[in-house]
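Chains as they are written, first to last, in the working numbering: chain A, 4 to 271; chain B, 1192 to 1513.
Every residue gets a Cβ at the ideal spot worked out from N, C-alpha and C, and that includes glycine.
The block underneath contains the structure these notes are about, expressed in structure tokens.
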Amino acid sequence: MTTSELVHAPPVALTLGDAISDAFVIARRHLIRYQRDPQTLVFLFVQPIMFILLFSYVFGGSIDIPGMDYTSFLVPGIIAQTVTFNNVGTSIAIAEDLQKGIMDRFRSLPMSGFSVIAGRVLTDLLVTTVTVVFMTAVGYLVGFRITTGFVPALAGLGLLVIFGFSFSWIAAFIGIKVNSVEVAQSAGFVWLFPLNFISSVFVVPATMPSALKAFADVNPITLTVDALRGLTVGGPVADPLVGALIWAAVISVVFGFLVVRAWDGLID
Amino acid sequence: MDTAVEVEGLFKSYGPTEALRGVDLSVGKGTVFGLLGPNGAGKTTIVRILSTLLRPDAGRATVAGHDLATAPHAVRASIGMTGQFAASDEHLTGRENLQMIGRLSRMPADQARIRAVELLEEFDLVEASDRPLRTYSGGMKRRLDLAASMVGKPAVLFLDEPTTGLDPRSRLQTWEVVRHLVASGTTILLTTQYLEEADELADVVAVIDNGRIIAEGTPSELKQQVGGARIEVNVGHPEQTATAVEVLTRVCSQEAWGDFETGTVHVPAEDPALLAKAVRALDEANVDVVDLSLRRPSLDDVFLALTGHIVTDAAPAREHAG
């Protein structure tokens, strides 16, 4: 038997540096999974293409957006929607880890528990970035054009990453709370449909019945998509952007807190 | 004796179900402690509590000298744990899994790399090092799980049913690994439903049933609780059972008892020489013997005697007379 001579004796408390290092180790693990599990590629690439093609060609002819062609209106919306949908992968991955024994292993290691979740959220940042760039390219194929310039477009990407980050915590919370992959799959999606449809992703909220319009007007997805439209194809930016960033901050803090509580609750 | 694990008055309920109802146990340093009991007896609950995964409702425990309630991080730094379910990432290779656990056990990257290689060699997984786990066989996955629980060179190792669901060959391999780990000084607490396994591996066995330890001792101490060896005879024709009972009672000077439906007869027989005498006497009485053995009590008998119900999947230890 060969054994390294160094006797391994970890310190008794974790530092912030340890927690950050753990989060990156976990993020790396999830990225390797994305690379090796072909199913995840469907989420990442096939579904977004389908959405853009279907919505722009099927609905494009019948939906009239004042002052703009439907494709220019739709693509920013679909990109934001896809970012929310991709986060379902986080619910599923966390639920799967809990269902299998690997989360027990992590929890019995001298590592930061918070980093198990934070690592996955870090992964989502990259997934979101890749998704947004890819979908923008697909958008270009169906006639979408960024008319504002490189810097505003880059700000749009930044906004989407922040937006995706906040939704990632919601997805993580769902993943911890449900007790199976199957439930994570449906629970992860089910609330996203009304949230995306009662927003400015596909239509202008002004055309909705007043109750739905009231909801759509304050919906974080509406504010994010409106700001994104302003940053990519032109229009007002400041108001929706402020609203979107406030939402992202509130969601991140609230669900970050809920995630910590749910994680600590695993011991009971 | 130095203790590696000390448990006092552990209680745990899941809603109305009382999983643990006052468990005390003490595991000596460098020994293998076997927790034996049927499904639902509370074995997994104990392991989960001791590996900081679950909070007990009452009671206290120290692991490697660290209090579970006040120093969980120090406990985690001293233990390894392998649960009943695969606890490694299917999409990662064996090497990647072990390196990840090493990094998360606070090793620098290069040390984690070295440790992964050591363990892959030790657990006979070198050839499979760079294949994703989903291509591994069940036995290989279990070995990798065991290896993963050894990454931080833990002082105390918890193994929850390490061989459940394994084929006989993989089970023997796992036993080898456990013996090897003990030889290197690790303290092991393992749970099992297999009496044979506790008998093979454990220095001390605690029998658990319905959330309570109902007996504790070395395997041989436990066996003594149900009495010594006995001769067991199967007669070919059940109508000869009465004759066999009469013959064996006379030869062994102990009261024999028989099952008249199956034609099985038992008699206490401490002296192995009685076996030969019994064979001759049965032959002279023209009893047709199908099977005859000197049966030493197995942990199965212990369990039956202690709890009034049997453990499934038990392999009784037998010494055949030929």
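Handout entry: Limits of the unbroken beta strand (DSSP E) element including W1448 of chain B
Key = Here residue 1448 of chain B corresponds to residue number 257 of the second sequence, with the count starting at 1. Element bounds for W1448 of chain B: 1448-1450.
Handout entry: Bounding residues of the alpha helix (DSSP H) (the contiguous stretch that carries E1195 of chain B)
Key = Translated into the one-based positions of the second sequence, residue 1195 of chain B becomes position 4. Looking at the sequence provided, one finds Ala at residue 1195 of chain B rather than Glu. Where A1195 of chain B is concerned, there is no enclosing alpha helix (DSSP H), although the beta strand (DSSP E) it sits in stretches over 1194-1205.
Practice task
Mark P1353 of chain B as exposed unless 16 or more other C-beta atoms lie within 10 angstroms of its C-beta, in which case mark it buried.
Solution key: The count along the second sequence starts at 1 and reaches residue 1353 of chain B at position 162. With 16 or more other Cβ atoms within 10 Å, it is buried.
Handout entry: Contact list for A16 of chain A against chain B, beta-carbon separation under 7 Å
Key = By 1-based counting over the first sequence, the position of residue 16 of chain A is 13. Under the 7 Å cutoff, chain B gives H1264.
Problem - E1475 of chain B, buried or exposed, once every other Cβ within 10 Å from all chains shown has been counted against 16 - result: For the purposes of this step, residue 1475 of chain B is identified with residue 284 of the second sequence, where counting begins at 1. Its Cβ having fewer than 16 others within 10 Å, E1475 of chain B is exposed.
Practice task
Please classify T235 of chain A: is it buried, with 16 or more other beta-carbons within 10 angstroms of its beta-carbon, or exposed?
Solution key: Along the first sequence, one-based indexing puts residue 235 of chain A at 232. Buried: at least 16 other Cβ atoms inside 10 Å.
Problem - contact_flag[the segment 118-136 of chain A, the segment 214-223 of chain A] where n(CB pairs < 8 Å) is 3 or more - result: no
Exercise for the section: Starting from the beta carbon of K103 of chain A, find every residue of chain B whose beta carbon is closer than 8 Å, and list them in chain order. Expected result: Position 100 of the first sequence, counted from the first residue, corresponds to residue 103 of chain A. Going along chain B in sequence order, the residues near K103 of chain A (Cβ under 8 Å) are F1276, A1277, A1278.
Handout entry: Chain-ordered residues of the segment 1232-1248 of chain B with a beta carbon less than 9 Å from chain A
Key = R1239, S1242, T1243, L1244, L1245, R1246
Problem - Same chain, Cβ closer than 8 Å to T5 of chain A, neighbours up to 5 away in sequence not counted - result: What you label residue 5 of chain A is simply residue 2 of the first sequence in a count that begins at 1. Any reading at T5 of chain A needs caution, since the residue's pLDDT is 39, under 50, leaving its predicted position unreliable; the model's value is listed next. Hits under 8 Å: none found.
Exercise for the section: Run the CB neighbour count on D1504 of chain B, radius 10 Å, all protein chains shown included, and call it buried at 16 or more, exposed below. Expected result: Here residue 1504 of chain B is taken as the residue at index 313 of the second sequence, counted from 1. Since pLDDT at D1504 of chain B reaches only 39, below the 50 mark, its modelled position is unreliable, and no value is offered.
Exercise for the section: Measure from the C-beta of D127 of chain A to each C-beta in chain B and report whether the shortest distance is under 9 Å. Expected result: Residue mapping note: residue 127 of chain A aligns to position 124 of the first sequence, counting from 1. Not closer than 9 Å to any Cβ of chain B, the Cβ of D127 of chain A fails to qualify, so no.
Exercise for the section: Whole angstroms is fine: what's the gap from S255 of chain A's alpha carbon to Q1290 of chain B's? Expected result: Within the first sequence, the letter at position 252 stands for residue 255 of chain A. Within the second sequence, the letter at position 99 stands for residue 1290 of chain B. The straight-line gap from Cα to Cα measures roughly 31 Å.
Problem - Neighbour flag for V1322 of chain B against chain A, beta carbons, 9 Å - result: For the purposes of this step, residue 1322 of chain B is taken as residue 131 along the second sequence, with counting starting at 1. Going by the sequence as given, residue 1322 of chain B is Arg instead of Val. Not one chain A Cβ lies under 9 Å of R1322 of chain B.
Handout entry: DSSP-derived helix/strand/coil call for I82 of chain A
Key = In the first sequence, residue 82 of chain A corresponds to position 79, counting from 1. In the structure shown, I82 of chain A sits in a helix (DSSP, three-state: H, G or I).
Exercise for the section: Spell out whether any CB of chain B is found under 9 Å from the CB atom of D72 of chain A. Expected result: As a working note, residue 72 of chain A is residue 69 in the first sequence. Taking Cβ atoms only, chain B never reaches closer than 9 Å to D72 of chain A, which makes this a no.
Practice task
Could you list the residues in the segment 111-127 of chain A with a C-beta less than 8 Å from some C-beta on chain B, going in chain order?
Solution key: S111, L112, P113, M114
Problem - Members of the segment 1279-1293 of chain B that neighbour chain A once the beta carbon cut-off is set at 8 Å - result: S1279, D1280, H1282, L1283, E1287, M1291, I1292
Handout entry: 7 Å CB neighbourhood of F1202 of chain B in its chain, flanking five on each side removed
Key = For this step, residue 1202 of chain B is matched to residue 11 along the second sequence. Cβ within range, chain order: L1211, R1212, G1213, P1247, D1248, A1249, G1250.
Problem - Test: S24 of chain A CB closer than 9 Å to a CB of chain B - result: The count along the first sequence starts at 1 and reaches residue 24 of chain A at position 21. By this cut-off, S24 of chain A is an interface position.
Handout entry: Assigned secondary structure, V262 of chain A (DSSP; H/G/I helix, E/B strand, else coil)
Key = Counting from 1 along the first sequence, the entry for residue 262 of chain A is found at position 259. Helix.
Practice task
Within the same chain, show all residues whose beta-carbon is closer than 7 Å to that of R1421 of chain B, passing over the 5 residues directly before and after it, in chain order.
Solution key: Taking the first residue of the second sequence as position 1, residue 1421 of chain B is located at position 230. Taken in chain order, the residues that qualify are H1457, V1458, P1459, A1460, R1486.
Exercise for the section: Could you list which residues in chain A have their beta carbon closer than 9 Å to that of T1379 of chain B, in chain order? Expected result: For the purposes of this step, residue 1379 of chain B is taken as the residue at position 188 of the second sequence. Per the sequence presented here, residue 1379 of chain B reads as Ile, with Thr not at that position. By Cβ distance, chain A contributes nothing, its closest Cβ being about 15 Å from I1379 of chain B, past 9 Å.
Handout entry: Simplified DSSP assignment, three categories, for F1349 of chain B
Key = Indexing the second sequence from 1 puts residue 1349 of chain B at position 158. Of the three classes helix, strand and coil, the one that applies to F1349 of chain B here is strand, per DSSP.
Practice task
Check whether the Cβ atoms of T227 of chain A and A251 of chain A sit closer than 9 Å, and answer yes or no.
Solution key: Taking the first residue of the first sequence as position 1, residue 227 of chain A is located at position 224. Taking the first residue of the first sequence as position 1, residue 251 of chain A is located at position 248. Going by C-beta atoms, T227 of chain A is nearer than 9 Å to A251 of chain A.
Exercise for the section: Mind checking the segment 1331-1361 of chain B against chain C and listing, in chain order, the residues whose C-beta falls within less than 9 Å of any C-beta there? Expected result: The question asks about chain C, but that chain is absent: this structure's protein chains are A and B.
Practice task
Please determine, among B:V1398, B:D1450, B:Q1445, the residue with the shortest C-alpha to C-alpha distance to D1462 of chain B.
Solution key: Taking the first residue of the second sequence as 1, we reach residue 1462 of chain B at position 271. If we check each option's Cα against that of D1462 of chain B, B:Q1445 comes out closest.
Exercise for the section: Assuming W172 of chain A and G116 of chain A form a contact by the criterion Cβ under 8 Å, report the distance between their Cβ atoms to the nearest whole angstrom. Expected result: Position 169 of the first sequence holds residue 172 of chain A. Position 113 of the first sequence holds residue 116 of chain A. So it is not a contact: roughly 15 Å between Cβ atoms.
Problem - Closest by C-alpha distance to G1271 of chain B, when choosing among B:Q1302, B:T1208, B:A1469, B:V1238 - result: Here the question's residue 1271 of chain B lines up with position 80 in the second sequence. Residue B:V1238 is the option with its Cα nearest to G1271 of chain B.
Problem - Among B:T1453, B:V1398, B:G1427, B:V1436, the one whose alpha carbon lies nearest that of A1232 of chain B - result: Here residue 1232 of chain B corresponds to residue number 41 of the second sequence, with the count starting at 1. Per the Cα distances, B:V1398.
Exercise for the section: Classify G1376 of chain B as helix, strand or coil using the three-state DSSP reduction. Expected result: Within the second sequence, the letter at position 185 stands for residue 1376 of chain B. Correct three-state label for G1376 of chain B: coil.
Exercise for the section: Please indicate yes or no: does the CB of P1229 of chain B lie closer than 8 Å to some heavy atom of the ligand GTP? Expected result: You won't find the ligand GTP in this model; it holds no ligand whatsoever.
Exercise for the section: Answer yes or no: do D1351 of chain B and F1224 of chain B have a C-beta to C-beta separation smaller than 9 Å? Expected result: To locate residue 1351 of chain B, count along the second sequence from 1; it is residue 160. To locate residue 1224 of chain B, count along the second sequence from 1; it is residue 33. No, Cβ-Cβ distance for D1351 of chain B and F1224 of chain B is not below 9 Å.
Problem - Alpha carbon of T1284 of chain B to alpha carbon of L1244 of chain B, nearest angstrom - result: To locate residue 1284 of chain B, count along the second sequence from 1; it is residue 93. To locate residue 1244 of chain B, count along the second sequence from 1; it is residue 53. Rounded to the nearest angstrom, the two C-alpha atoms are 26 Å apart.
Handout entry: Neighbour-count burial assignment, I95 of chain A, 16 or more Cβ in a 10 Å radius
Key = Counting from one through the first sequence, the residue named residue 95 of chain A turns up at place 92. The residue in question, I95 of chain A, is buried, as its Cβ has 16 or more Cβ neighbours within 10 Å.
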